[in-house]
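Residue numbers (the UniProt record's numbering): 1 to 399. Here a beta-carbon is modelled for each residue, glycine too, at the ideal position from N, C-alpha and C. Okay, so here's the structure we're looking at.
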Amino acid sequence: MFLSCTQMEFGSRNMFHISSVTFFVVLSIATTTVIESSSNSECNFRAIFNFGDSNSDTGGLAASFVAPKPPYGETYFHRPNGRFSDGRLIVDFIAQSFGLPYLSAYLDSLGTNFSHGANFATTSSTIRPPPSIIPQGGFSPFYLDVQYTQFRDFKPRTQFIRQQGGLFASLMPKEEYFSKALYTFDIGQNDLGAGFFGNMTIQQVNASVPEIINSFSKNVKDIYNLGGRSFWIHNTGPIGCLPYILVNFPLAEKDENGCAKQYNEVAQYFNLKLKEAVVKLRDDLPLAAITYVDIYSVKYSLYNNPKKYGFEHPLIACCGYGGEYNYSSSVGCGGTIKVNGTQIFVGSCERPSARVNWDGVHYTEAASKIIFHEISSGAFSDPPISLNMACHRNSTKIY
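Have a look at this one:
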């Protein structure tokens, strides 16, 4: 969940590259009595509040800076809808699984409905303050601390609006929903990408990881202090399998599946430190139910055994232009490029449903749907509980 971004033309060559997908952290709040209960009843999440980057952005960057163009959104919404994919994201499938509507972006002032939650994620967001921001640089100014602050203020402001009554009251979440909400986090990989594209060595990026994780943990504690109790935390995915890494670092050693080995190793190191942080958070937050989800393994399986899931050409972008990976640093999905005097529109492949990667950085709806199916079962969770049981505290620890 992580470096979340698509290729956008802000005059910065690296904007799209350093904002990719991130690790996904899902954080849910249930009442203390539910958390401490040994009940096996399913969790009754009445709302979702999401924090993150492009892996879970449902329109934040589109509302505040530049919206994705066609063919983004073509598979499900049949038009661009603020998501940097051809369709739905993991967070959309999470909402759907609980019978909740898709999340409105907090930054979107048009047609928003926050009655069942809000999405604070923006594409290109980081955990730590970014080295540069849009439009001069490649990152969103809404890094995790800012998203948390937005949420902290969101709660009392929405309740004030509800108390005033009228039309807008019905668009705000009920007060009790905050204690029965699922809080999702999808952020972190952009911090790694900032290092890669900032000319840091692999060793230097690794050295920055503990500080990144510490900042993440602080935000989890802050949400806990606001009443949060149930946390579903996704680690970060195999960044070395994404075309934007493979194209920009062509000399990187490849593994048996063609992924950039060292860059995946950085993601694995990030995940190791995240595991350690989860253990510490369990000690520090005794009333919290914290589940660690190995999304890395699920995503990597799409590259390791694509035929099992009905995919082909997993390392090649569906929507892109040029080269071995159908990805270019100079023009992205939905853009145009002049070739031999002719303007060419950069469109999508014939069958997005058979592809893992959408635009060189982000996953297709088909991939996201499979990833959600795998992780929601609890098969990749530690402790091994399903998503709909994430409000129940479990003493199992991560080693």
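> Expressed to the nearest angstrom, what Euclidean distance is found between the alpha-carbon atoms of Ser-109 and Val-66?
Replying inline: For this step, residue 109 is matched to residue 109 along the sequence shown. For this step, residue 66 is matched to residue 66 along the sequence shown. Going from the Cα of Ser-109 to the Cα of Val-66 covers about 15 Å.
> Where does the unbroken beta strand (DSSP E) through Asn-50 begin, and where does it stop?
Replying inline: In the sequence shown, residue 50 corresponds to position 50, counting from 1. That run of the beta strand (DSSP E) goes 47–52.
>> Runs of 4 residues minimum, wholly inside the segment 251–302: which ones carry the alpha helix (DSSP H) assignment?
In response: 261–284
>> What does DSSP give as the partner residue(s) for Gln-147 in the beta ladder?
In response: The residue labelled residue 147 in the question sits at position 147 within the sequence shown. Gln-147 is bridged by DSSP to nothing; it lacks a bridge partner.
> If you check the beta carbons only, do Leu-144 and Ser-125 fall under 8 Å apart?
Replying inline: Here residue 144 refers to the residue found at position 144 of the sequence shown. Here residue 125 refers to the residue found at position 125 of the sequence shown. Contact: yes.
> Mind checking Lys-308: buried by the 16 CB within 10 Å criterion, or exposed?
Replying inline: Your numbering for residue 308 matches position 308 in the sequence shown. That one is exposed.
> What residue does the beta strand (DSSP E) around Phe-98 start on, and which one ends it?
Replying inline: Taking the sequence shown and counting its residues from 1, the one referred to as residue 98 is at position 98. Taken as a continuous stretch (DSSP letters only), Phe-98 belongs to no beta strand (DSSP E), as it is neither H nor E.
>> Give me the residue from Glu-350, Asn-340, Ala-354, Val-361 with the minimum Cα distance to Gly-332.
In response: Along the sequence shown, read from residue 1 onward, the residue named residue 332 stands at position 332. Selected option, being the one with the closest Cα: Val-361.
> Any idea which residues DSSP pairs Gly-117 with across the strands?
Replying inline: Locating residue 117 in the sequence shown gives position 117, where the first residue counts as 1. Per DSSP, Ile-48.
>> Could you tell me the alpha carbon to alpha carbon distance between Asn-225 and Pro-131, rounded to whole angstroms?
In response: As a working mapping, residue 225 is identified with position 225 in the sequence shown. As a working mapping, residue 131 is identified with position 131 in the sequence shown. Using only the alpha carbons, I get a separation of about 29 Å.
>> Looking at Pro-352: is its Cβ nearer than 8 Å to the Cβ of Thr-364?
In response: The sequence position of residue 352 within the sequence shown is 352, counting from 1. The sequence position of residue 364 within the sequence shown is 364, counting from 1. Going by C-beta atoms, Pro-352 is nearer than 8 Å to Thr-364.
>> Based on DSSP bridge pairs, tell me the residues matched to Ser-56.
In response: Sequence index remark: in the sequence shown, residue 56 carries index 56 (1-based). Within the DSSP secondary-structure output, Ser-56 pairs in no beta bridge.
> Which term fits Ile-370, buried or exposed, when burial requires 16 or more other beta carbons within 10 angstroms of its beta carbon?
Replying inline: The residue labelled residue 370 in the question sits at position 370 within the sequence shown. Answer is buried; the Cβ neighbour count reaches 16.
> Between Gly-195 and Asn-235, what straight-line distance do the alpha-carbon atoms span, to the nearest angstrom?
Replying inline: Within the sequence shown, the letter at position 195 stands for residue 195. Within the sequence shown, the letter at position 235 stands for residue 235. If I take the Cα positions, the gap works out to 18 Å.
> What residues are listed by DSSP as bridge partners for Phe-139?
Replying inline: Counting from one through the sequence shown, the residue named residue 139 turns up at place 139. Answer by DSSP bridge pairing, in chain order: Ile-133.
> At which residues does the beta strand (DSSP E) containing Ile-337 begin and terminate?
Replying inline: The residue you call residue 337 lines up with position 337 of the sequence shown. Residue range 336–339 is occupied by the beta strand (DSSP E) that includes Ile-337.
>> To the nearest angstrom, how far is the alpha carbon of Gly-347 from that of Asp-359?
In response: One-based indexing of the sequence shown puts residue 347 at position 347. One-based indexing of the sequence shown puts residue 359 at position 359. In a straight line, the C-alpha of Gly-347 is about 10 Å away from that of Asp-359.
>> Are the CB atoms of Ile-90 and Ser-368 within a distance shorter than 8 Å?
In response: By one-based count along the sequence shown, residue 368 stands at place 368. By one-based count along the sequence shown, residue 90 stands at place 90. Closer than 8 Å, so yes.
> Could you give the residue range of the alpha helix (DSSP H) that holds Phe-197?
Replying inline: What you label residue 197 is simply residue 197 of the sequence shown in a count that begins at 1. Element bounds for Phe-197: n/a, residue is neither H nor E.
> What is the rounded straight-line gap between the Cα of Asp-222 and the Cα of Leu-302?
Replying inline: Start at 1 with the first residue of the sequence shown, and residue 222 comes out as number 222. Start at 1 with the first residue of the sequence shown, and residue 302 comes out as number 302. Looking at the two C-alpha atoms, the distance is approximately 35 Å.
> Assuming Ile-161 contacts Met-172 under a Cβ cut-off of 8 Å, what Cβ separation, rounded to an integer in Å, is found between them?
Replying inline: Here residue 161 is taken as the residue at index 161 of the sequence shown, counted from 1. Here residue 172 is taken as the residue at index 172 of the sequence shown, counted from 1. Confirmed, about 5 Å.
> Assuming Thr-58 and Gly-82 make a contact with CB atoms under 8 Å, what is their CB distance in whole Å?
Replying inline: Locating residue 58 in the sequence shown gives position 58, counting from the first residue. Locating residue 82 in the sequence shown gives position 82, counting from the first residue. The Cβ separation is near 6 Å, so the contact holds.
>> With a threshold of 7 Å on Cβ separation, who are the neighbours of Ser-115 within its own chain once the five nearest residues in sequence on each side are excluded?
In response: Position 115 of the sequence shown holds residue 115. Cβ within range, chain order: Ser-170, Leu-171, Met-172, Pro-173.
> Does DSSP put Thr-342 in a helix, in a strand, or in coil?
Replying inline: Counting from 1 along the sequence shown, the entry for residue 342 is found at position 342. Residue state, collapsed to three classes: strand.
> Smallest Cα separation from Glu-176: which of Glu-276, Gln-159, Gly-166, Asn-264?
Replying inline: Indexing the sequence shown from 1 puts residue 176 at position 176. For Glu-176, the nearest C-alpha among the options comes from Gln-159.
>> Below 8 Å on the Cβ atoms is my contact criterion, and I expect Phe-380 with Val-279 to pass it. Report the Cβ-Cβ distance as a whole number of Å.
In response: For the purposes of this step, residue 380 is identified with residue 380 of the sequence shown, where counting begins at 1. For the purposes of this step, residue 279 is identified with residue 279 of the sequence shown, where counting begins at 1. Phe-380 to Val-279, Cβ: 18 Å. No contact.
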